[in-house]
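Asks:
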Amino acid sequence: MTATTQTQRIWLTGATSGIGRALAERLLDEGHRVALSARSGSALRELAAGRDNALLLPLDVADRQAVRQAGERLGEAFGGLDLVILNAGTCEYLDAREFDVDLVERVFAPNFFGAVYGIEAALPLLRRSRAEGGRPLLAATSSAAAYLPLPRSEAYGASKAALSHFLESLRLDLAAEGIDVSLIHPGFVKTPLTDRNDFAMPMRVSVDEAATAILGGLAKRRLDIHFPRRFTLLVRLAGILPPGLRYRLGLRMARQDTAPETRP
């Protein structure tokens with residue numbers, strides 16, 4: 677997308693931090709009408725200060741009723757939606773020695789169900805855009821972790837893999853309606869979330885680089901927007917290795933205090 681792109685009606689979740697904030701700033705600068713969602717109303721107001729093309733929709737994406745209400749407000753304000761980017765999410769790592777189901781639920785709530793609630797709210801508005809003659813696009817931010825099981829990534833990786841599977845299936849069912857679906861699979865991006873990681877993050881890119889890759893991919897309606905490609909291609913290749921090789925590769929990445937000495 678560039679400044680010459682036709683003005684679109686867009687809904688972006690997870691808009692105040694990391695990749696979401698970089699996307700929000702670019703889209704607003706390009707003159708699109710952008711509905712911005714995040715949990716913090718004050719952060720949304722700070723982001724949108726001085727911009728008359730922003731609609732603020734503070735919400736917790738894991739609250740289905742709040743997301744439904746946001747969809748109703750969007751319909752009143754925009755009529756339809758040309759582009760939806762479901763970007764909100766979180767990350768926590770599981771320690772198998774202290775198995776924590778609450779952690780798994782906390783991660784799945786925004787990463788998977790939050791996106792599903794967003795789809796429920798957005799689909800009627802995407803259909804309105806299609807009825808007006810548009811070619812609407814639904815996009816969601818998954819992760820390169822969806823390609824390959826990794827140590828301690830039981831909750832995060834599974835939530836993103838579930839999201840990717842869900843969107844790929846939905847893409848097939850929406851094709852006949854003329855609604856396109858793009859999946860975004862970032863590698864490591866420097867954000868407040870990844871700043872908390874306690875392991876090496878090879879080929880980590882900035883949020884500006886991520887936003888450029890995402891908006892470029894959306895403009896081309898790519899089915900799978902993954903970056904940095906030199907990293908994500910390696911992860912995808914590892915993901916299709918035979919199970920025994922994947923297991924041994926995973927053990928090499930596991931923390932030494934948690935890795936098993938022998939195969940179970």
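For reference, each letter of the sequence shown is one residue, going 677 to 940 in the working numbering.
C-beta atoms are modelled at their ideal positions from N, C-alpha and C, and glycine is treated no differently.
What does the Cβ neighbour count give for residue 775, buried or exposed, with the cut at 16 atoms within 10 Å?
Replies: Exposed: under 16 other Cβ atoms inside 10 Å.
Asks: If distances are taken between C-alpha atoms only, which option among 697, 916, 707, 842 comes closest to residue 723?
Replies: The candidate whose alpha carbon is nearest that of residue 723 is 697.
Asks: Residue range of the beta strand (DSSP E) that residue 685 falls in?
Replies: Run containing residue 685: 685-689, per the beta strand (DSSP E) assignment.
Asks: What's the call for residue 906, buried or exposed, on a 16-neighbour Cβ count within 10 Å?
Replies: The residue in question, residue 906, is exposed, as its Cβ has fewer than 16 Cβ neighbours within 10 Å.
Asks: Am I right that residue 760 and residue 699 are in contact with their C-beta atoms under 8 Å? What's the rounded C-beta distance?
Replies: Incorrect: roughly 12 Å between the Cβ atoms, too far for contact.
Asks: What does a CB cutoff of less than 7 Å around residue 797 pick up in its chain, not counting 5 residues either side in sequence?
Replies: Cβ neighbours of residue 797 beyond the five flanking positions: 743, 744, 746, 747.
Asks: Would you check if the segment 917-932 and the segment 817-828 touch, i.e. whether three or more CB-CB distances between them fall below 8 Å?
Replies: Contact between the segment 817-828 and the segment 917-932 is present, because at least three Cβ pairs lie under 8 Å.
Asks: Excluding the 5 residues flanking residue 682 on each side, which residues of the same chain have their C-beta closer than 7 Å to its C-beta?
Replies: Closer than 7 Å at the Cβ level, and outside the excluded window around residue 682, lies no residue.
Asks: So, residue 862 versus residue 886, is the Cβ gap smaller than 8 Å?
Replies: In contact: residue 862 and residue 886 (Cβ atoms closer than 8 Å).
Asks: Quick one: grab the DSSP three-state call for residue 711.
Replies: DSSP places residue 711 in strand when its eight states are reduced to three.
Asks: Taking only the alpha-carbon atoms, compute the straight-line gap between residue 944 and residue 805 and give it to the nearest angstrom.
Replies: Outside the displayed span of the chain (677 to 940) sits residue 944, for which this structure offers no information.
Asks: What would DSSP say about residue 867, mapped onto helix, strand or coil?
Replies: Residue 867: coil per DSSP, three-state reduction.
Asks: Determine the direct distance from the alpha carbon of residue 733 to that of residue 717, and round the result to whole angstroms.
Replies: Between residue 717 and residue 733, the C-alpha separation is close to 8 Å.
Asks: Pull up the DSSP beta-bridge partners for residue 903, would you.
Replies: Answer is 862, bridged to residue 903.
Asks: Which runs of the alpha helix (DSSP H) at least 4 residues long sit entirely within the segment 763-792? Give them in chain order.
Replies: You should have 777-784.
Asks: Just to confirm, are residue 668 and residue 883 a CB contact at a threshold of 8 Å?
Replies: The displayed coordinates of the chain run from 677 to 940. Any statement about residue 668 would go beyond what the structure contains.
Asks: Assuming residue 860 contacts residue 901 (C-beta within less than 8 Å), just tell me the rounded distance between them.
Replies: With 8 Å as the limit, residue 860 and residue 901 qualify as a contact, their Cβ atoms being about 5 Å apart.
Asks: Quick one: grab the DSSP three-state call for residue 699.
Replies: Note: residue 699 maps to helix in three-state DSSP.
Asks: I think residue 740 touches residue 793, with their Cβ atoms under 8 Å apart; what is that distance to the nearest whole Å?
Replies: Right, the Cβ-Cβ distance comes to about 5 Å (below 8 Å), so this counts as a contact.
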